[in-house]
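K.L.:
Please see the structure below; I have some questions.
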Amino acid sequence: MAGITIVDERTIKIKVTLEDAISMIRESSHHLDEYAAEIVTIYEKMPQFQYIYFCFYAYDSARLFEHMLGIDPKQYTSFSLDAPDAFFFALYGGMAGLYEEAKRRIS
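Heads up: the sequence shown begins at 205 in my numbering, then just goes up one per residue.
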């Protein structure tokens with residue numbers, strides 16, 4: 205599970221692992237209709253961020269991320285994400301596997 209450190213009333217630090225990416229993939233695969241648009245967005249936009257600099261909030265694709273966290277980072281004015289490259293690469297691979305079906309569901 206992701207680690208959340210509340211620094212102060214405005215700032216949090218988030219630490220995720222490979223297991224968190226796997227959790228996000230499982231959640232999205234079990235709720236494909238709910239997360240189809242996010243799957244498509246993550247898959248299509250991550251390459252532009254060299255995969256490891258992806259910002260879930262850049263394209264309004266953070267619902268799945270927030271579900272995994274169990275909190276809403278937007279409640280804070282500042283947050284940082286500490287994630288190994290494996291988190292992003294695994295997440296991208298999982299979204300790639302779900303992409304075609306997700307795209308059909310939003311068309």
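Don't be surprised by glycine CBs; every beta carbon is placed ideally from N, CA and C.
Only counting the same chain, and skipping five residues up and downstream in sequence, which positions put a Cβ closer than 7 angstroms to that of A290?
P.N.:
L222
K.L.:
Does the beta-carbon distance from Y280 to I216 come in below 7 angstroms?
P.N.:
yes
K.L.:
For D289, which of helix, strand or coil comes out of DSSP?
P.N.:
helix
K.L.:
Quick check on S282: does DSSP put it in helix, strand or coil?
P.N.:
strand
K.L.:
Assuming M272 contacts S227 (C-beta within less than 8 angstroms), just tell me the rounded distance between them.
P.N.:
6 angstroms
K.L.:
Output needed for R214: all residues of its chain with C-beta closer than 8 angstroms, excluding positions within five of it in sequence on either side, in chain order.
P.N.:
Hits under 8 angstroms: Y280, T281, S282.
K.L.:
Could you spell out where the alpha helix (DSSP H) holding I226 opens and where it closes?
P.N.:
222-234
K.L.:
Where does I243 land, buried or exposed, given buried means 16+ other C-beta within 10 angstroms?
P.N.:
Counting the other CB atoms within 10 Å of its CB gives I243 a total of 16 or more, which places it among the buried residues.
K.L.:
In terms of residue numbering, what span does the beta strand (DSSP E) encompassing I256 cover?
P.N.:
Neither: I256 is in no beta strand (DSSP E) and is coded neither H nor E.
K.L.:
Compare the Cα-Cα distances from D212 to each of G301, Y296, S284, D264 and report the closest residue.
P.N.:
S284
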